[in-house]
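S.K.: Dropping a structure here in C-alpha cells format, bear with me for questions.
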Amino acid sequence: MIQIDEKGFYGKFGGAYIPEMLHPNIEELRENWEQIVASPDFQEEFQMLLRDFVGRPTPLYFASRLSEKHGAKIYLKREDLCHTGAHKVNNTVGQIILAKKLGKKRIIAETGAGQHGVATATVCALMGMDCTVYMGALDIQRQRPNVERMKILGAKVVPATSGSQTLKDATNEAMRQWINNPVDTHYIIGSVVGPHPYPEMVARFQSVISQEIKTQLLEKEGTPNPDIVIACVGGGSNAAGAFYHYYNVPQVRLVAAEAAGLGINSGKSAATTVLGTPGVLHGSKTLLMQTEDGQVVEPHSISAGLDYPGIGPVHAHLHDIGRAEFVAVEDEDAMKAGIELSRLEGIIPAIESAHAIHALNMIQYQKDDVIVINLSGRGDKDLETYIKWGGY
Amino acid sequence: MNRIDQLFQQKKQRVLSIYFTAGFPRLEDTLPIMEAIQAAGADIIEVGVPYSDPIADGPTIQESNMVALQNGMSLKKLFSQLEKMRETVQVPVILMGYLNPIIQFGIEDFCKKCQAVGVDGLILPDLPMQQYLDDYKEMFDQYGLRNTFLISPQTSAARIREIDEKSNGFIYMVSSHSITGAKADISGEQIEYFNRVKSMELKNPRLIGFGISDNSTFNTACTYSHGAIIGSAFIKTIKNSQNLSADIISYIRSVIQ
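These protein sequence lines map, in sequence, to chains U and Z.
The opening position of the first sequence corresponds to residue -5 in this note's numbering, with each subsequent residue numbered one higher.
The opening position of the second sequence corresponds to residue 0 in this note's numbering, with each subsequent residue numbered one higher.
Listed below in C-alpha cells is the structure:
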C-alpha cells in the first residue's frame, strides 16, 4: 500500500524537518486540514470553484494521430485547459479555501517559472487576500511575463537574492518569511514537497486529476484503469495527482518523466532519482541532488518547472519500492516532443509536459495498450524558449 | 563532566555564547576566532557549519554561509581544523548547523568526530524533537553530546515543558518570531514572553538569542535568563576586520562590560 504514516512518512521519505519556530504553524495545519477538507462546507466551495472557475472536469482527449504514430491508444488529460494554463491552480484553490477557514489574512508562496505564483496570485485576487510571492532574482529576469501577470493580479513579487537565486532559494525565502509571520499568514506550497502535511495535502488537491481520469476512461474504454499513466516530475505535483488513485492498482504502470537537462552526466541535469541521494531539504527527507559534503546542487532543465534539486517524498518512495518507472528526458528530446504534439494534435504543450510526451519513446508497451499522458500545462508561457531553441 | 553542564553549574548569570560561521571570513580563521572569543571572556563558542540552504537564518548569516562554502569549508575540513582545539580552547564548544551535511557525513561518524575533537553539544535547528527522540538521541548520548532545542514566542507552555523534559544542555529562547538578525529593540511583547518562560522554572538553563547585538540588549536578555547568544552582530564585526583578534576582543568586552 502506498500510504502516508502517522508521522508523515512514505516509507523512508517525508517527515517534518522544520525549525521549532514553524512547529505551531505545521501543527495547526496537521491537526486541522483533513477535517476541514472533508467538511461539506469546504467541499461545496471547492467543487464549485473547480467547476466554474478552473473549468473542470478537464477533457480526457483521445489523441488519434499521436496514437497512430506510436502504436498505442493514447489519451491526453488536458490540464493545460485549466484556468491559468496548468494544473497548479487545483492546489491553490484548495489551499486558499483552507487558509480562509483557518482564519489567515495573508498568503505567501514561492515560485520558480512563475506558474505557481500566478495560480496563487489568481486565487488571492478571487478571495481578496493579501499575496506575496517569493521568486529567485534570476528567475524574475528570465520569466518577465509571469512576473507582470502576478502584479496585474495584485500580488507583490519579492526577489530572493540569496544562493543561486532560483526556485530553491525562493522556497527558502518563503519559509523564512513564514517564520517571521507565523500567526496571520498561510504558506501555499506549490508542489508535493515541504514538511508534512504539505506533500499529502497538495497531492490530495491534485488527485482530482486521476479521479476524473477513472470516470472518463470508464466511459471511453469500459474500464477505469489504463495500462500506463505518464507524467512529468519536478517536485511532482501533477504526477502525484495523476498517479494518486492508481497508487494501489498494481496493474496500472506509473511512469515518471524527469528532466535530464543536457544529459545525465553533463553536470547540467535535474534527474533527481538518478543523481540524487537521500537527504533533507525544505522540511522533508527525500532524494536530493547534493555534493558529497551535503550541499544542495543547482539543477538544470530547459523547463523551469522541472528545475528543482529534490523530488516530492512520495515519488522518492515510489522510486525506492519500484512502484513507478522513472525515465530521464533530455532538453532536446523534450523540445522535439513538444513540436511533435503541436504538429500532430494542434496542441503546443508546456515544456514540462513535453517531457512526458517523449517518455513514450523510452518505455516498452504493447500495441493496444491504453496510455494516459497527463498534459500538465500549455506552452504559451514557453514561447520564448521555443523561439530561442528554434528547431521547428 | 560535559563542559556545558559544568559551566551552568558554576555560572548562572550573564552567560555569553558567541556564534560564528566556520570558514568565514577566511577558510583558516576558525581556530584564531575561537581563541579570541575565549580570550575576550565569552563563555560558550558556537561554531556554525555552513549550509547552502539555511532556512532559519537572515541575510547576514546567509552570506557568511555562502562565503564559507566558497572558501571551501566542509565538515571534513572543519574537523581537521578542530583537531587540536583543546590544546588552547577550554570553554564549551557547540556545533550549530543544518541536518543535511551531517546526514551525508554519517551520523555516527559525525558524533565520533565530535567526541574525539572535544565538541560538547549540538544545535540543529531543522532537527525537530520527535525525530531527535526517534533516531538521534541515543547516539548523541552515547558520545556525550548535549542537544539544545529552540523555543519561540509561539511555542505553547505544554511544548516548552516537553522540550525541557526531553532535552539537555540549555534551552535556546528565540527572542521573537523571526529568523536570525538584529532588531532595533526588545519590545514589551518580548519581555512578556521572557517573563512567562522564566516563571515556568524549567530544569534547563535558558539563553536568549536572535536580535541580541550590544551591551543594552545583552543586559535586557540577562535580566530574564541565564544569558544570551550573539550571532549576526558578531558576524558583522568580523566581516571586514583587518585585525580579527583585536576587533573580537573589543567587541565582546563592549557587550559584557
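Backbone N, C-alpha and C fix where the C-beta goes; we use that ideal spot for every residue, glycine too.
Report the neighbours of Ile102 of chain Z on chain U: residues whose CB is nearer than 9 Å to its CB, in chain order.
M.R.: Those are Pro272, Gly273, Val274, Lys279, Gly288, listed as they occur along chain U.
S.K.: Excluding the five sequence neighbours on either side, which residues of its own chain have a C-beta within less than 6 Å of the C-beta of Glu319 of chain U, listed in chain order?
M.R.: The answer, listed in chain order, is Val249.
S.K.: Just how far apart, CA to CA, sit Val127 of chain U and Asp301 of chain U?
M.R.: In a straight line, the C-alpha of Val127 of chain U is about 18 Å away from that of Asp301 of chain U.
S.K.: So Phe209 of chain Z and Val173 of chain Z are in contact, right, with Cβ under 8 Å, and what is the actual spacing, rounded?
M.R.: That belief holds up - the Cβ atoms of Phe209 of chain Z and Val173 of chain Z are roughly 5 Å apart, short of 8 Å.
S.K.: Taking the C-alpha atoms as reference points, what is the distance between Ile(-4) of chain U and Gly2 of chain U?
M.R.: About 12 Å.
S.K.: List, in order along the chain, the chain U residues whose C-beta lies closer than 8 Å to that of Ile150 of chain Z?
M.R.: By Cβ distance, chain U contributes Glu14.
S.K.: So, for Leu81 of chain Z: in the same chain, excluding its five sequence neighbours on each side, which residues have a beta-carbon less than 6 Å away from its beta-carbon?
M.R.: If we look at Leu81 of chain Z and ignore the five residues flanking it on each side, its Cβ neighbours are Val116.
S.K.: Is the beta carbon of Ile248 of chain Z sitting closer than 7 Å to the one on Ser63 of chain Z?
M.R.: Going by C-beta atoms, Ile248 of chain Z is not nearer than 7 Å to Ser63 of chain Z.
S.K.: Nearest chain Z C-beta to Arg24 of chain U closer than 7 Å, yes or no?
M.R.: False, the Cβ-Cβ gap to chain Z never drops below 7 Å.
S.K.: Just mark Met33 of chain Z as buried or exposed, buried being the case when its beta carbon has 16 or more other beta carbons within 10 Å.
M.R.: Met33 of chain Z should be labelled buried.
S.K.: Quick one: is Lys156 of chain Z buried, meaning 16 or more other Cβ sit within 10 Å of its Cβ, or exposed?
M.R.: The question names Lys, but residue 156 of chain Z is Ala in the sequence shown. With fewer than 16 Cβ atoms within 10 Å of its Cβ, Ala156 of chain Z is classed as exposed.
S.K.: Could you confirm whether any beta carbon from chain Z is found closer than 7 Å to the beta carbon of Ser156 of chain U?
M.R.: It does; some Cβ of chain Z falls within 7 Å.
S.K.: Would you grab the beta carbon distance between Lys214 of chain U and Phe56 of chain U for me? Rounded to a whole angstrom, and I think it's under 8 Å.
M.R.: That pair is a contact at about 7 Å.
S.K.: Can you tell me where the beta strand (DSSP E) holding Gly208 of chain Z begins and where it ends?
M.R.: 205 to 208 is the span of the beta strand (DSSP E), which, as asked, contains Gly208 of chain Z.
S.K.: Any beta-carbon of chain Z closer than 7 Å to the one on Asn355 of chain U?
M.R.: Closer than 7 Å: no.
S.K.: Taking DSSP as the reference, what is the three-state secondary structure of Tyr128 of chain U?
M.R.: Strand, per DSSP.
S.K.: Which residue's Cα is closest to the Cα of Gln360 of chain U: U:Pro244, U:His239, U:Ile222?
M.R.: The option with the nearest alpha carbon to Gln360 of chain U is U:Ile222.
S.K.: Quick one: is His176 of chain Z near chain U, going by C-beta distance under 7 Å?
M.R.: Chain U contact via Cβ: present.
S.K.: Please state the DSSP three-state secondary structure of Ser16 of chain Z.
M.R.: Three-state result, Ser16 of chain Z: strand.
S.K.: Any C-beta of chain U sitting closer than 7 Å to the C-beta of Ser73 of chain Z?
M.R.: Yes, Ser73 of chain Z lies at the interface with chain U (some Cβ there is under 7 Å from its Cβ).
S.K.: Residues of chain Z with CB under 8 Å from Met169 of chain U, in chain order?
M.R.: Result: Ile54.
S.K.: Alpha carbon to alpha carbon, how far is Thr59 of chain Z from Lys257 of chain Z? Give it in angstroms, no decimals.
M.R.: No information on residue 257 of chain Z is available, as it lies outside the stretch 0 to 256 that chain Z covers here.
S.K.: In the DSSP assignment, find the alpha helix (DSSP H) that holds Leu23 of chain U and state where it starts and stops.
M.R.: From DSSP, the alpha helix (DSSP H) with Leu23 of chain U extends over 17 to 32.
S.K.: Provide the residue span of the beta strand (DSSP E) that contains Cys226 of chain U, from first to last.
M.R.: Residues 222 to 226.
S.K.: Less than 7 Å between C-beta atoms, sequence neighbours within five positions excluded: which residues of the same chain meet that for Ser151 of chain Z?
M.R.: Excluding residues within five positions, the ones whose Cβ falls inside 7 Å are Val173, His176.
S.K.: So which residues on chain U does Met172 of chain Z lean against when the C-beta distance must stay under 9 Å?
M.R.: Those within 9 Å of Met172 of chain Z in chain U number zero; the least Cβ separation is about 11 Å.
S.K.: Rank Z:Asp213, Z:Phe7, Z:Cys113 by C-alpha distance to the C-alpha of Gly143 of chain Z and give the top, closest one.
M.R.: Cα-wise, what sits closest to Gly143 of chain Z is Z:Cys113.
S.K.: What did DSSP end up calling Pro91 of chain Z once you bin it into helix, strand or coil?
M.R.: Note: Pro91 of chain Z maps to coil in three-state DSSP.
S.K.: Taking Ile176 of chain U as the query, report the chain Z residues whose CB atoms sit under 7 Å from its CB, ordered along the chain.
M.R.: First, the amino acid is wrong: residue 176 of chain U is Pro here, not Ile. In chain order: Gln153, His176.
S.K.: Among U:Arg45, U:Leu44, U:Glu73, which one has its Cα closest to the Cα of Ala225 of chain U?
M.R.: The residue with the shortest Cα to Cα distance from Ala225 of chain U is U:Glu73.
S.K.: What separation, rounded to the nearest whole angstrom, lies between the Cα atoms of Ala39 of chain Z and Pro31 of chain Z?
M.R.: Taking the straight line from one Cα to the other gives about 12 Å.
S.K.: With a threshold of 16 other CB atoms inside 10 Å of the CB of Pro244 of chain U, please say whether the residue is buried or exposed.
M.R.: It counts as exposed.
S.K.: Of all Cβ atoms in chain Z, is any one closer than 7 Å to the Cβ of Pro244 of chain U?
M.R.: It does not; no Cβ of chain Z falls within 7 Å.
S.K.: Taking the Cβ atom as the reference point for each residue, do Pro189 of chain U and Asn19 of chain U lie within a distance shorter than 7 Å?
M.R.: Their beta carbons are not under 7 Å apart, which means Pro189 of chain U does not touch Asn19 of chain U by this criterion.
S.K.: For Asp125 of chain Z, which residues in chain U fall below 9 Å Cβ to Cβ?
M.R.: Those within 9 Å of Asp125 of chain Z in chain U are Tyr11, Ile12, Pro13, Val274, Gly277.
S.K.: Using a cut-off of 8 Å between C-beta atoms, extract the partners of Leu15 of chain Z located in chain U.
M.R.: Going along chain U, no residue has its Cβ under 8 Å from Leu15 of chain Z, so there is no contact; the nearest lies around 22 Å.
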